[in-house]
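Residue 13 in full-length UniProt numbering sits at position 13 of the sequence shown, and the numbers go up by one each step. We treat Cβ as the ideally placed atom computed from N, Cα and C, and that holds for glycine.
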Amino acid sequence: MELSPDQRQLVDVADRLFYERGVHAVGMDDLRTAAGVSLKRLYGLFPSKRELLVAVLAQRHEVWMRGLAARVEAAPDPRTRLLAVYDFLADWFAEETFRGCSFINVFGELGGTWPEVVRFARAHKDAFRGYLAGLVAEAGGPGWLAPQLALLAEGAQTTAAISGTTDAAGEARAAAEIILAAALDGR
């Protein structure tokens, strides 16, 4: 979805507010005020809060996957690239604004009532698992490895959001090292 500069500005504002406060807690008037646009202009850019949320989730997915790929691709070899996933998480968890995974948060808030949220959350998590599967294949690992590594990462995200510390990233990385040794060295 190609966004105009005005739409992108509104998506950025909505992303920040939804992430900080939750979707239900942010009204269209809050968005209008924070974006500095009229309500008429806001609805001209996005006719509904749902359409705006879909644009926010699409942007979140792209930004997250690009950041992950940049961190992973900087690693020197296939095994280290798999572990770099957890280094990426550690950096993310250390950000002052970290409040957990947007997709988990929005799914928890709206998943039962907004089918488009369910689709986006599942697609995001499927894309992450698919990305890990590609890294596992590059490392010569078995098919069962990627889902296990994904569960470690997902658990770390939730734990970090609730605990307010970055410890879960290191703990997940340490567990991933053990699983990688069993999968790649134990053949």
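Thinking C-alpha only, which one of the options is nearest residue i?
i, options, result
"PHE46", "GLN9, GLY22, TRP64", "GLN9"
"ASP15", "SER4, ALA35, GLY140", "ALA35"
"ALA160", "PRO142, ARG122, PHE98, ASP126", "PHE98"
"VAL56", "ILE162, GLY140, ALA182, HIS124", "HIS124"
"GLY22", "THR80, ARG79, VAL106", "VAL106"
"GLY155", "GLN59, PHE93, LEU110, GLU116", "PHE93"
"ASP6", "ASP30, ASP29, SER38", "SER38"
"VAL63", "ARG32, ASP29, CYS101, PRO78", "CYS101"
"GLU51", "ALA74, PHE120, GLU171", "PHE120"
"ALA181", "HIS61, ARG79, GLU2", "ARG79"
Can you have a look at residue i and say buried or exposed, based on whether 16 or more other CB atoms are within 10 angstroms of its CB?
i, result
"GLY27", "exposed"
"ALA176", "buried"
"VAL11", "buried"
"ARG71", "buried"
"VAL13", "buried"
"ALA153", "buried"
"ALA183", "buried"
"ALA172", "buried"
Could you name the residues of the same chain whose beta carbon sits closer than 8 Å to that of residue i, not counting the 5 residues immediately before and after it, in chain order?
i, result
"GLN148", "ILE179"
"ALA84", "ARG71, VAL72, ALA74, ALA75"
Short of 6 Å in beta carbon distance, which residues of its chain neighbour residue i, apart from the five on each side in sequence? Order them along the chain.
i, result
"ALA90", "THR166, ALA169"
"GLN59", "VAL11"
Among the residues of its own chain, which have a CB less than 7 Å from the CB of residue i, if the five just before and after it don't count?
i, result
"PHE146", "For the sequence presented, residue 146 should be read as Ala rather than Phe. The answer, listed in chain order, is ARG129, LEU132, ALA133, VAL136."
Give me the Cβ distance between residue i and residue j, rounded to the nearest whole Å; I'm assuming they're in contact under 8 Å.
i, j, result
"LEU17", "ARG32", "Incorrect: roughly 11 Å between the Cβ atoms, too far for contact."
Of all the alpha helix (DSSP H) runs that stay within the bounds of the region 100–161, which reach a length of 4 or more residues?
102–110, 115–138
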